[in-house]
Amino acid sequence: MGILVLDAGSRDHTVHFARGAGARVLQREWTNFVDARKFALAQVGTPWTLMLDADEALDDVLRDAIVQATPEIDAYRVRRTTYFCGKPMRIWRNEPLVRLFRTDRAELKAHPAAASDALVHEAWTCDGTVADLPGALLHYSYPDVAAYRVKYDRYTALEAQSAGRSALAVVAAYCTSFVRLAWLLFGRGALLDGPRGWYVAFRSAVYPAVVARKALFQ
Numbered sequence: 000m001g002i003l004v005l006d007a008g009s010r011d012h013t014v015h016f017a018r019g020a021g022a023r024v025l026q027r028e029w030t031n032f033v034d035a036r037k038f039a040l041a042q043v044g045t046p047w048t049l050m051l052d053a054d055e056a057l058d059d060v061l062r063d064a065i066v067q068a069t070p071e072i073d074a075y076r077v078r079r080t081t082y083f084c085g086k087p088m089r090i091w092r093n094e095p096l097v098r099l100f101r102t103d104r105a106e107l108k109a110h111p112a113a114a115s116d117a118l119v120h121e122a123w124t125c126d127g128t129v130a131d132l133p134g135a136l137l138h139y140s141y142p143d144v145a146a147y148r149v150k151y152d153r154y155t156a157l158e159a160q161s162a163g164r165s166a167l168a169v170v171a172a173y174c175t176s177f178v179r180l181a182w183l184l185f186g187r188g189a190l191l192d193g194p195r196g197w198y199v200a201f202r203s204a205v206y207p208a209v210v211a212r213k214a215l216f217q
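Just so we're aligned, residue 0 is where the sequence shown starts under numbering that gives the first Met the number 0, counting upward by one.
Here you go:
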């Protein structure tokens, strides 16, 4: 068992702290999320892999469940809750993700939420038996609105690289954004998150349209 950290040119003290904690640190020039994750998995020498991003953490329940997980299962799903401006968001609650898996049984594919077969919003899959773990994976991705906007712009640009160029797709995406907004506000509970939830719901609703527009004019 060991800890492997893939660093893609961080400018803080990530490498120093990771090595100080006993992790094996690999450094690689950044290309995209899919390449980085596939490269990292190829370096794993253990039969099982728990894959986490730098802005993710396990709560106590999930940590204990992982320790007690049975090896007869090929992969485990966790439920992720994303924080925005320091608070958990209903709109991003209980997102199911495969993160604990047999190293030789995992495959990386586009996430169902992706607007295209993208270089971002990818997800691990497994062709074997998959079970769910209790607890939560805590995702501290957006400490403030500025951080959210930076990632929003980056992710839509990445998805646009693999999206088709079509003016009709842009129009269709903007038309369906009203339905998406209603579902996010009422179906996913964003309305109850207050102004934070309304803002995220609107930006999420027009996300496919932004991707389509960037693809058309890139």
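Every residue gets a Cβ at the ideal spot worked out from N, C-alpha and C, and that includes glycine.
Fair warning: this is a prediction, and the values are worked out from it, not measured in the lab.
Check whether the Cβ atoms of residue i and residue j lie closer than 8 Å to each other.
i: Phe32; j: Glu121; result: yes
i: Arg36; j: Ala74; result: no
i: Leu136; j: Arg78; result: yes
i: Ala68; j: Leu107; result: no
i: Thr155; j: Val210; result: yes
i: Leu3; j: Ala20; result: no
i: Tyr206; j: Tyr141; result: no
i: Thr45; j: Gly1; result: yes
Run through DSSP, which three-state label would residue i get?
i: Ala17; result: helix
i: Asp116; result: Bear in mind that a pLDDT of 48 at Asp116, under 50, signals an unreliable position, so the model cannot answer this.
i: Glu158; result: helix
i: Ser165; result: coil
i: Ala53; result: coil
i: Arg23; result: strand
Could you give the residue range of the beta strand (DSSP E) that holds residue i?
i: Glu226; result: Missing from the structure shown is residue 226; the chain here goes from 0 to 217 and no further.
i: Asp6; result: 3-6
Thinking just about the alpha-carbon of each residue, which of the options is nearest to the one in residue i?
i: Val199; options: Ala166, Gln217, Lys150; result: Lys150
i: Val170; options: Arg148, Gln160, Arg153, Leu215; result: Leu215
i: Leu40; options: Val66, Leu191, Asp103; result: Asp103
i: Val144; options: Thr48, Gly196, Glu55, Val43; result: Gly196
i: Asn93; options: Thr80, Gly85, Lys86, Ala53; result: Thr80
i: Ile90; options: His12, Ala208, Ser203; result: Ser203
i: Ala64; options: Thr128, Tyr139, Pro133; result: Pro133
i: Thr48; options: Thr124, Ser9, His12, Ala181; result: Thr124
i: Glu225; options: Arg27, Arg62, Thr175, Val129; result: The requested residue 225 does not occur in the structure, where the chain is confined to residues 0 to 217.
i: Asp52; options: Pro87, Tyr173, Cys174, Thr13; result: Thr13
i: Arg76; options: Leu191, Arg62, Pro95; result: Pro95
i: Asp192; options: Leu167, Pro87, Leu25, Leu180; result: Pro87
Opposite residue i in the DSSP bridges: which residues?
i: Cys174; result: None; Cys174 has no bridge partner.
i: Tyr75; result: Leu99, Ala130
i: Cys125; result: Ala105
i: Tyr141; result: Phe83
i: Trp47; result: Arg101
Could you spell out where the alpha helix (DSSP H) holding residue i opens and where it closes?
i: Ala214; result: 206-216
i: Ala35; result: 32-41
i: Arg62; result: 59-67
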